[in-house]
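**Q** Residues 126 to 613 in the working numbering are what the sequence shown spells out, letter by letter. Yeah, the Cβ is synthetic: ideal placement off N, Cα and C, and Gly gets one too.
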Amino acid sequence: MAFLLQGDDVLHQVNPTPLPDPYWVAFSPSAAKLIQIPLGLTQLPADPKWLEVLAGNRLDLEYKAFHHPIATAYSGHQFGIWAGQLGDGRAILLGEINGQELQLKGAGKTRYSRMGDGRAVLRSSIREFLCSEAMHGLGIPSSRALAVVGSNQAVRRETIETAAVCSRLAPSFIRIGHFEHYAALQKVERLQELADYLIDHFYPACRVNEDPYLELFKAISARSADLVAQWQAVGFCHGVLNTDNISALGLTIDYGPFGFMDQFQIDHICNHSDTSGRYAYHRQPQIMHWNMACLASAMCPLLEINHPSETAQALLRSALEEYPQSYADSWQRLFRAKLGLKTAKEDDISLIERLLQIMHDAKVDFTFFFRKLAEYDSIHLKPPQEARDLFNHLAVIDDWFREYGLRLQSENSVDAERKILMNTCNPKFILRNHLAQHAIEKAQQQDFSEISKLLAILERPYDEQEHTEIYANPPTAEHRAVEVSCSS
Ligand code: AMP
Ligand code: MG
């Protein structure tokens, strides 16, 4: 955070706006461990001051870092169009504890709030909380969520709702948008401070290279490619892949109208306001590449310190060209693992792609299918009944199952061993929309038990867990009809 602690053009010191009569809505004991908050018997912080701290009502004087809460300036491209300055319009960084930045989202107005009220509603805060922790449970890099603190304070969205603050943790919340901001202001020194900070703290291997900034670009791009591949492998759609929502550490951040797919649709759009489908599931990989192009052009002045302009551009262009292969490598590795394949053969790609096409045509539940596939009997080429039953054109899927079985035989796959491995990468539980919605509706009636229950399940998404089948099953037609509002 050191680079942020100077200069009026990049940050704004601002205290959170107090949240009236706060109460606990959700708390993650596992995230609390990251910053070593001692917990009491109820698995909430033993010291009641934490409720006030996480509501934004009190600055904890024990931690030096808490003395100057800040909002940072960043810019960005929204839906492919340069939006100019944005910034933390409702997220306030309290400080850093144990290598984690603690940020309160929905903590009130900042200099960057523009037309917004600086608040977040209960509904979207619960969604961010659950999804951050679910992502972590899945092993996918993400900001963490510490708590949701609610209040009866009214907040106007499509209807009147109530306010909440979601406290989140990450080693850094630096975004591509921070680079774009300094580049737009033509502040090369700031760009350099930003890049140096990232290298020193998170990408130290880049320093030993003769062109550390080029290496930094490559490293961010590789992490981002890998991150998207991981989203694709669990059917996750982020919803708003604007450059201001893209972490420079390759973390999933800024949960808004995200969604895990139930029925697999390759062009699934989870964000109601994304009318052109820019951020549809199948576009996420190329959109991340586009975002990396924005990063490359923002970082160009850094390379121009040591190279003529044309060389700097050429170096970045060729580094950017590494993205598709980097993404393809991650995607293939992950999908091979989902199929339980130990070896890599060229035909695997068409095997995987054909499966995805059949699943798309039959609108098969993505998570349920892959989980059940682990029970495939490769000795008798017999698919698990529950997986086969998901399809309507049996001849097509039977063909595929047969080819899959032969592929498994070709590498002498051992069913029992493969099943164990497949169950470590095909989750049984994901944050399905209807599950989140159910927890939200109960919370709106002041019953927060379903959030804790979901949290406990989603922390161990690959494990079999007792009495939880309804959390693993595909949604019914009635569940699918659940409308999720995108305003937050
Ligand atoms: P998002 O797409 O939610 O990541 O937000 C895009 C930009 O709008 C960021 O600069 C946010 O800080 C800002 N923003 C979103 N909602 C609000 C709000 N209620 N009040 C102030 N700023 C907001
Ligand atoms: Mg954002």
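1. By how many angstroms is the C-alpha of L218 removed from the C-alpha of I299?
2. Could you give the DSSP three-state label for S613: helix, strand or coil?
3. Leaving out five residues on either side along the sequence, give the residues of the same chain with a beta carbon under 7 Å from the beta carbon of H261.
4. What ranges does the alpha helix (DSSP H) occupy inside the segment 162–241, keeping only unbroken runs of at least 4 residues that lie completely in it?
5. Let's test the definition: count the other Cβ atoms within 10 Å of the Cβ of H505 and tell me whether it reaches 16, buried, or not, exposed.
6. Can you look up C291 in the DSSP assignment and give me helix, strand or coil?
7. Listed by chain order, which residues have C-beta atoms less than 6 Å from any heavy atom of the ligand MG?
8. Hey, how far is the Cα of T400 from the Cα of S475?
9. Note down, in chain order, each residue of its chain lying with its Cβ closer than 7 Å to the Cβ of F128, except the 5 sequence neighbours on either side.
10. Cα separation between S538 and S503?
11. Please work out which residues of its chain come closer than 6 Å, Cβ to Cβ, to D351, disregarding the five sequence neighbours upstream and downstream, and give them in chain order.
12. Answer with buried or exposed for W207, where buried requires no fewer than 16 other C-beta atoms within 10 angstroms of its C-beta.
13. Tell me the DSSP secondary structure of V353 in three-state form.
14. Cβ of A373 within 7 Å of any heavy atom in the ligand AMP?
15. Could you round the C-beta distance between L466 and D472 to whole angstroms and report it? I think they count as a contact, below 8 Å.
16. Would you list the one or two residues that DSSP bridges to I285?
17. For Q615, report the span of its alpha helix (DSSP H) as first-last.
18. Where P329 and Y448 are concerned, what is the direct C-alpha to C-alpha distance, given to the nearest angstrom?
19. Taking C-beta to C-beta, are C419 and I301 nearer than 8 Å?
20. For Y587, name the three-state secondary structure that DSSP assigns.
21. Rounded to whole angstroms, what's the CA-CA distance from C291 to Y148? Just pull it up for me.
22. If we ignore side chains and look at the alpha-carbon of each, how far apart do I160 and L169 end up?
23. Exposed or buried, what is K343 when buried is set at 16 or more other beta-carbons lying within 10 Å of its beta-carbon?
**A** Taking the coordinates as given:
1. As a first step, residue 299 is located in the sequence shown; it is residue number 174 there, counting from the start. As a first step, residue 218 is located in the sequence shown; it is residue number 93 there, counting from the start. Whole-angstrom Cα-Cα distance: 12 Å.
2. Your numbering for residue 613 matches position 488 in the sequence shown. Annotated three-state conformation of S613 is coil, per DSSP.
3. The residue given as residue 261 occupies position 136 in the sequence shown. S267, R269, listed in sequence order.
4. 174–180
5. The residue labelled residue 505 in the question sits at position 380 within the sequence shown. With fewer than 16 other Cβ atoms within 10 Å, it is exposed.
6. Against the sequence shown, residue 291 aligns to sequence position 166. C291: strand per DSSP, three-state reduction.
7. D369, N370, D379
8. The sequence position of residue 400 within the sequence shown is 275, counting from 1. The sequence position of residue 475 within the sequence shown is 350, counting from 1. When rounded, the distance between both Cα atoms is 31 Å.
9. In the sequence shown, the residue the question calls residue 128 occupies position 3. Bear in mind that a pLDDT of 49 at F128, under 50, signals an unreliable position, so the model cannot answer this.
10. What you label residue 538 is simply residue 413 of the sequence shown in a count that begins at 1. What you label residue 503 is simply residue 378 of the sequence shown in a count that begins at 1. S538 and S503: Cα-Cα distance of roughly 8 Å.
11. The sequence position of residue 351 within the sequence shown is 226, counting from 1. Answer for D351: S455, listed in chain order.
12. Within the sequence shown, the letter at position 82 stands for residue 207. By the neighbour-count rule (16 or more Cβ atoms within 10 Å), W207 is not buried but exposed.
13. Taking the sequence shown and counting its residues from 1, one reaches residue 353 at position 228. In this structure, V353 counts as helix in the three-state DSSP scheme.
14. For the purposes of this step, residue 373 is taken as the residue at position 248 of the sequence shown. No, since every heavy atom of the ligand AMP falls outside the 7 Å radius drawn around the Cβ of A373.
15. Position 341 of the sequence shown, counted from the start, is the residue given in the question as residue 466. Position 347 of the sequence shown, counted from the start, is the residue given in the question as residue 472. That pair is no contact at about 11 Å.
16. Here residue 285 refers to the residue found at position 160 when the sequence shown is read from its first residue. BP columns for I285 point to R281.
17. For the chain, the structure presents residues 126 to 613; residue 615 sits outside this window and is missing.
18. By 1-based counting over the sequence shown, the position of residue 329 is 204. By 1-based counting over the sequence shown, the position of residue 448 is 323. Straight-line measurement puts the Cα of Y448 at about 21 Å from the Cα of P329.
19. Working through the sequence shown from its first residue, we reach residue 419 at position 294. Working through the sequence shown from its first residue, we reach residue 301 at position 176. Cβ atoms of C419 and I301: closer than 8 Å.
20. By one-based count along the sequence shown, residue 587 stands at place 462. The answer is coil: DSSP assigns Y587 none of H, G, I, E or B.
21. For the purposes of this step, residue 291 is taken as residue 166 along the sequence shown, with counting starting at 1. For the purposes of this step, residue 148 is taken as residue 23 along the sequence shown, with counting starting at 1. Spanning the two alpha carbons is a distance of roughly 12 Å.
22. Along the sequence shown, one-based indexing puts residue 160 at 35. Along the sequence shown, one-based indexing puts residue 169 at 44. If I take the Cα positions, the gap works out to 14 Å.
23. For this step, residue 343 is matched to residue 218 along the sequence shown. It counts as buried.
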